[in-house]
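Asks: Here it is, the structure in full.
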Amino acid sequence: MTTHTEAEIASQPECWRRAVANVPADALPREGERVAVVGCGTSWFIAMAYATLRERAGHGETDAFAASEFPVGRAYDRVLALSRSGTTTEVLELLGHVSARITAITADPKTPIMEAAGDVVVLDYADERSVVQTRFATTQLALLRASLGEDLTQAVADAEEAVAAPLPAELVEAEQFSFLGAGWTVGLAQEAALKMREASRSWTEAYPAMEYRHGPISIGAPGRVTWMLGEAPEGLRAQVERTGATFVESRLDPMAELIRAQRVAVARAFAAGLNPDEPMHLTRSVILSP
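Position one of the sequence shown corresponds to residue 34 (the numbering used here), numbered consecutively onward.
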């Protein structure tokens with residue numbers, strides 16, 4: 034029987050197509066605005082990716098924060114809140130204390146964030162039954178990338194390849210993973226590591242690629258994996274391979290490569306006798322009691 038997580042991972046190419054074809058005209062940050070992007074867990078990592086992409090595209094200064102760490106006294110033109118559930122305590126509390134224009138992206142139109150934000154983008158077609166977030170995260174990033182003027186045609190084609198390609202046994206059986214990114218893919222590396230922890234309780238870490246050689250490479254060894262999302266810095270592969278670790282790098286769009294990491298996480302969950310739909314100690318939304 035296919036789990037919800039598997040089905041949701043496989044649906045990502047179609048979700049991305051729908052997102053890039055329906056970019057809202059007015060709700061998302063405008064060029065020139067000073068923007069803070071906030072979220073928790075996966076949403077924070079997607080915020081990191083978008084913030085880097087927006088600045089790189091020349092659309093304006095953009096910062097990303099875990100919602101609990103937002104500097105309330107700092108001035109922004111807009112706060113963009115990312116929340117699949119629309120009920121996350123830290124996000125809702127933050128939105129009650131900012132004076133900037135607020136936009137939220139959520140999956141559920143029947144949640145408190147609908148009233149907490151002035152503008153709301155609802156991606157209900159990308160909502161999920163699994164606790165482990167996969168397609169909602171990448172669909173909102175596809176939407177945000179398209180809003181910056183990116184053509185995601187190749188990314189969607191790469192996603193179709195990623196959901197169908199066989200998974201190497203050495204990844205399913207590996208002892209440890211270090212995910213690396215550079216620029217906007219640092220957030221994706223953090224997200225890939227989180228999926229491994231959530232779905233399969235795997236030992237995973239994540240770093241900016243250039244920082245990996247400043248200590249973390251010491252963990253490299255046979256049976257362990259260093260996985261680059263995006264293009265690796267020159268010489269890094271050779272250094273990792275000298276440790277005996279497996280180095281993974283792909284020509285796929287980094288969001289599509291994240292899909293491969295999601296699939297490996299599910300395969301490892303099955304190998305460990307775990308249900309990827311219901312990770313230990315986690316719920317769909319973190320709602321803190323007063």
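Beta carbons: idealized from backbone N, C-alpha and C, even for Gly.
#1: Could you check if M81 is buried or exposed, using at least 16 other CB atoms within 10 Å of its CB as the buried criterion?
#2: Ignoring anything shorter than 3 residues or poking outside the stretch 192–270, list the beta strand (DSSP E) runs there in chain order.
#3: Suppose you measure from the CA of E88 to the CA of A300; what does that come to, to the nearest Å?
#4: Around the C-beta of D286, are 16 or more other C-beta atoms found within 10 angstroms, so that it is buried, or is it exposed?
#5: Less than 8 Å separating the beta-carbons of A170 and E224?
#6: For V189, tell me which candidate among W49, V281, T36 has the shortest Cα-Cα distance.
#7: Excluding the 5 residues preceding and the 5 following E311 in the sequence, name in chain order all residues of the same chain whose CB lies nearer than 7 Å to its CB.
#8: Going by beta carbon distance, what residues of the same chain come within less than 6 Å of E282, once the five residues before and after it are set aside?
#9: Out of R67, D59, A137, F78, state which residue places its alpha-carbon closest to the alpha-carbon of G214.
#10: Could you give the uninterrupted runs of the alpha helix (DSSP H) lying entirely in the stretch 143–173, keeping only those of 4 residues or more?
#11: Please look up how many angstroms separate the CB atoms of P46 and E193, rounded, as I've assumed it's under 8 Å.
#12: Around the C-beta of V68, are 16 or more other C-beta atoms found within 10 angstroms, so that it is buried, or is it exposed?
#13: Report back the beta-carbon spacing between E123 and A137 to the nearest angstrom; my notes put them in contact at under 8 Å.
#14: How about the stretch 239–258 and the stretch 270–281: do they share at least three Cβ pairs that are nearer than 8 Å?
#15: Touch check for the stretch 124–136 and the stretch 105–116: three-plus C-beta pairs under 8 Å?
#16: From A60 to E39, what does the alpha carbon distance come to, in whole angstroms?
#17: Would you mind giving the Cβ-Cβ distance between V153 and I146, rounded to the nearest angstrom? I have them listed as a contact below 8 Å.
#18: Please name the residue or residues paired with I138 in a DSSP beta bridge.
#19: Since I292 and V196 are thought to touch, with beta carbons under 8 Å apart, how far apart are those beta carbons, to the nearest angstrom?
#20: Please confirm whether V71 and Y83 have their CB atoms less than 8 Å apart.
#21: A97 by DSSP, collapsed to three states: which one?
#22: With burial defined as no fewer than 16 other Cβ atoms inside 10 Å of the residue's Cβ, what is the status of T167: buried or exposed?
#23: Less than 8 Å between the beta carbons of P309 and T36, yes or no?
#24: Using CA coordinates, which residue listed in T139, K143, R162 is at the minimum distance from L156?
#25: How far does the alpha helix (DSSP H) with V53 in it extend, from its first residue to its last?
#26: Would you give the residue range spanned by the alpha helix (DSSP H) that T122 belongs to?
#27: Check the DSSP bridge columns for R70 and list the partner residues they point to.
#28: Span of the alpha helix (DSSP H) holding V105?
#29: Please classify M288 as buried or exposed, where buried requires at least 16 neighbouring CB atoms within 10 angstroms.
#30: CA-CA distance, S76 and P255?
#31: Tell me the rounded alpha-carbon separation between L200 and E238.
Replies: Let me spell this out:
#1: buried
#2: 209–214, 237–241, 257–261
#3: Answer to the nearest angstrom: the Cα atoms are 36 Å apart.
#4: buried
#5: Going by C-beta atoms, A170 is nearer than 8 Å to E224.
#6: Measuring from the Cα of V189, the nearest candidate turns out to be W49.
#7: V164
#8: M261, A265
#9: F78
#10: Listed in chain order, they are 146–149.
#11: Separation of the CB atoms of P46 and E193 is rounded to 5 Å, and the pair is thereby assigned contact status at 8 Å.
#12: So V68 ends up on the buried side.
#13: Not a contact, Cβ separation roughly 14 Å.
#14: Taking a cut-off of 8 Å for Cβ pairs, the stretch 239–258 and the stretch 270–281 touch, as three or more such pairs fall below it.
#15: yes
#16: 31 Å
#17: Going by Cβ atoms, the distance from V153 to I146 rounds to 7 Å, so yes, they are a contact pair.
#18: L115, V154
#19: Rounded, the Cβ-Cβ distance is 6 Å, consistent with contact.
#20: no
#21: strand
#22: T167 comes out buried.
#23: yes
#24: The option with the nearest alpha carbon to L156 is T139.
#25: Counting along the chain, the alpha helix (DSSP H) containing V53 begins and ends at 45–53.
#26: Where T122 is concerned, the enclosing alpha helix (DSSP H) stretches over 122–128.
#27: According to the sequence displayed, residue 70 carries Val and not Arg. For V70, which the question treats as bridged, DSSP gives the partners A97, L113.
#28: Looking at the DSSP string, V105 is not in any alpha helix (DSSP H), and its letter there is neither H nor E.
#29: buried
#30: S76 and P255 have their C-alpha atoms some 33 Å from each other.
#31: 20 Å
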